[in-house]
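Remarks on the structure that follows.
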Amino acid sequence: MATNSIKLLTGNSHPDLAKAVAVRLGIELTKIMVLQYSNQETSVTIGESVRDEDVFILQSTRPNDINDGLMELLIICNACKTASARRVTAILPNFPYARQDKKDKSRAPITAKLMANMLQTAGCNHVITMDLHASQIQGFFNVPVDNLYAEPNSVKWIRENLMHATETNAEINGTKQDCVIVSPDAGGAKRATSMADRLDLPFALIHKERSRPNEVSRMTLVGTVEGKVAILVDDMADTCGTLAKAADTLIKHGAKDVVALVTHGILSGRAVEILKGSKLSRLVITNTVPISEDKIEALRVEDGQKGCRLEFIDIAPVLGEAIRRTHNGESVSYLFSHAV
14 MATNSIKLLT
24 GNSHPDLAKA
34 VAVRLGIELT
44 KIMVLQYSNQ
54 ETSVTIGESV
64 RDEDVFILQS
74 TRPNDINDGL
84 MELLIICNAC
94 KTASARRVTA
104 ILPNFPYARQ
114 DKKDKSRAPI
124 TAKLMANMLQ
134 TAGCNHVITM
144 DLHASQIQGF
154 FNVPVDNLYA
164 EPNSVKWIRE
174 NLMHATETNA
184 EINGTKQDCV
194 IVSPDAGGAK
204 RATSMADRLD
214 LPFALIHKER
224 SRPNEVSRMT
234 LVGTVEGKVA
244 ILVDDMADTC
254 GTLAKAADTL
264 IKHGAKDVVA
274 LVTHGILSGR
284 AVEILKGSKL
294 SRLVITNTVP
304 ISEDKIEALR
314 VEDGQKGCRL
324 EFIDIAPVLG
334 EAIRRTHNGE
344 SVSYLFSHAV
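In my numbering, the protein residues as written are 14 to 353.
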């Protein structure tokens, strides 16, 4: 058992999630002041000692404020390092620039690698994140990286809300909803097949062709969804154009309902407008990224009304348990397959 205590800090990006994690751990958030000067420079003041403490810094990414949030994280990491923290762990529920993980065209930067370099230079000894867009990003670091998964909690949600079954898969009222897991692209096939195997459900795949980034020109369905509830699973919902077109494709092929389960709900640009006009009945996201109240209100659907309803899966317990296990030197891999 570690003798030093946990210090949990956060910037301005997602205070609600940080507070929920602190409650889960039974601790108070470490006092910190993060301000911006009039020239937009970031100022950080840590209000209590972190000397020889196990420091965890939880900082997510706000859709329209990614770079400011990233600078806050780097400065807090460096402040803790220079204040003699024993270990500094950066918790990034949604890893920034994760889609820029390879050279996909001439002179393109590998910005995800740059993020890894910057975090390590700032003094980060360990990284905890969730559902990386590309798992090979872990190899960009020279420090340990724990990539947690939303899958166990997503599987639990499907069982309780769509399959009408308990965790033991026992039928309720003698019925079990006929569902199919669908990947909206070939890149997400591994994620979708893993979930389908755990739920003992069939799997389908949509092949998409992009004309430009964030724009899908054509979709082709591989598999059968007729008469079934199609469950789209993906790691990220940004502009939501892919999800909307995938839902259209599934309904055209006979699906009786389409639900989307996504880890990171970015919902940028015209996402809310696109979702409201889509064939999706529900978009279920985790709270890795803060969603503004106006977006939540815009996607509020009363019982009996039609439209895309926004629902949340809380990942604060997962992050809290990952922190506890890391601090106590216990295995984190338990969380890869068990819901918390």
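Idealized CB from N, CA, C, for every residue including glycine.
Could you compute how far the alpha carbon of residue i sits from the alpha carbon of residue j?
i, j, result
"Ala98", "Ser26", "22 Å"
"Met249", "Gln318", "26 Å"
"Glu61", "Leu42", "11 Å"
"Glu315", "Val271", "18 Å"
"Glu334", "Val34", "9 Å"
"Ala129", "His266", "43 Å"
"Ala92", "Gln49", "16 Å"
"Arg338", "Ser344", "6 Å"
"Glu85", "Leu288", "32 Å"
"Ile19", "Arg64", "11 Å"
"Ala257", "Ser291", "5 Å"
"Gly152", "Met208", "25 Å"
"Thr188", "Arg211", "Since pLDDT at Thr188 reaches only 41, below the 50 mark, its modelled position is unreliable, and the value read off the structure follows with that caveat. When rounded, the distance between both Cα atoms is 19 Å."
"Arg204", "His220", "15 Å"
"Gly82", "Ala163", "23 Å"
"Lys241", "Val353", "29 Å"
"Glu180", "Asn341", "Reliability fails at Glu180, whose pLDDT of 42 lies under 50, so the model's placement of it is uncertain and the value that follows must be treated cautiously. Near 28 Å, if we compare the C-alpha coordinates of Asn341 and Glu180."
"Ala103", "Val235", "40 Å"
"Lys94", "Asn17", "16 Å"
"Ala194", "Ser119", "Per the sequence presented here, residue 194 reads as Ile, with Ala not at that position. Computed Cα separation, rounded: 36 Å."
"Ile336", "His139", "11 Å"
"Met131", "Asp159", "18 Å"
"Ala15", "Thr206", "Confidence is the limiting factor: at Ala15 the pLDDT is only 48, short of 50, which leaves the residue's position unreliable, though a coordinate-based value still follows. Rounded to whole angstroms, Ala15 to Thr206 spans 39 Å at the Cα level."
"Val47", "Ser346", "33 Å"
"Thr233", "Ile123", "30 Å"
"Ala183", "Glu66", "Residue placement at Ala183 is flagged as unreliable, the pLDDT there being 45, under the threshold of 50; the coordinate-derived value follows with that caveat. Cα to Cα, the separation comes out at about 46 Å."
Considering only DSSP beta bridges, list what residue i is partnered with.
i, result
"Ile414", "The requested residue 414 does not occur in the structure, where the chain is confined to residues 14 to 353."
"Gly278", "Ala250"
"Phe354", "The displayed coordinates of the chain run from 14 to 353. Any statement about residue 354 would go beyond what the structure contains."
"Ser56", "Leu48"
"Lys20", "Val68"
"Val140", "Ala103, Val158"
"Ile298", "Val275, Phe325"
"Leu245", "Val195, Ala273"
"Lys221", "Met232"
Short check: CB of residue i to CB of residue j, under 8 Å?
i, j, result
"Ala125", "Asp114", "yes"
"Thr252", "Arg283", "yes"
"Ile45", "Val36", "no"
"Ile298", "Ile244", "no"
"Ser294", "Arg322", "yes"
"Val275", "Asp307", "no"
"Met143", "Pro197", "no"
"Phe108", "Ile150", "yes"
"Leu161", "Leu348", "yes"
"Leu145", "Ala121", "no"
In terms of alpha-carbon separation, which member of the options lies closest to residue i?
i, options, result
"Asp213", "Val168, Gly240, Val47, Met232", "Val168"
"Glu239", "Met232, Thr252, Thr262", "Thr262"
"Ala96", "Pro122, Val68, Gly290, Cys321", "Val68"
"Val285", "Ala311, Leu274, Ile40", "Ala311"
"Asp191", "Ala103, Pro215, Gln149, Glu173", "Pro215"
"Cys354", "Phe154, Val101, Leu127, Ala147", "Outside the displayed span of the chain (14 to 353) sits residue 354, for which this structure offers no information."
"Pro6", "Pro165, Gln133, Asn341", "In this structure the chain extends from 14 to 353, so residue 6 is not present and cannot be described."
"Ala199", "Leu234, Leu218, Ser73", "Leu218"
"Cys90", "Glu66, Ala135, Arg231", "Ala135"
"Ala202", "Ala147, Phe154, Asn166, Glu173", "Ala147"
"Val331", "Ile194, Glu324, Glu173, Ile141", "Ile141"
"Ser350", "Asn166, Leu38, Glu66, Ile40", "Asn166"
"Glu173", "Asn17, Ile326, Ser346", "Ile326"
"Leu21", "Gln72, Val193, Val235, Asn52", "Gln72"
"Lys32", "Ala329, Leu348, Ser346", "Ala329"
"Arg231", "Ala273, Thr206, Ala260", "Ala260"
"Glu324", "Leu296, Ile70, Glu222", "Leu296"
"Ile70", "Asp159, Ile309, Leu87", "Leu87"
"Leu175", "Glu222, Val47, Asp29, Ala273", "Ala273"
"Leu30", "Thr74, Thr233, Glu54", "Thr74"
Checklist entry - Any contact of the stretch 20-37 with the stretch 65-81, i.e. 3+ C-beta pairs under 8 Å? => result The stretch 20-37 vs the stretch 65-81: in contact.
Next on the checklist: With a threshold of 8 Å, are at least 3 pairs of Cβ atoms found where one atom belongs to the stretch 273-281 and the other to the stretch 293-308?
Outcome noted: Enough Cβ pairs lie closer than 8 Å, so yes.
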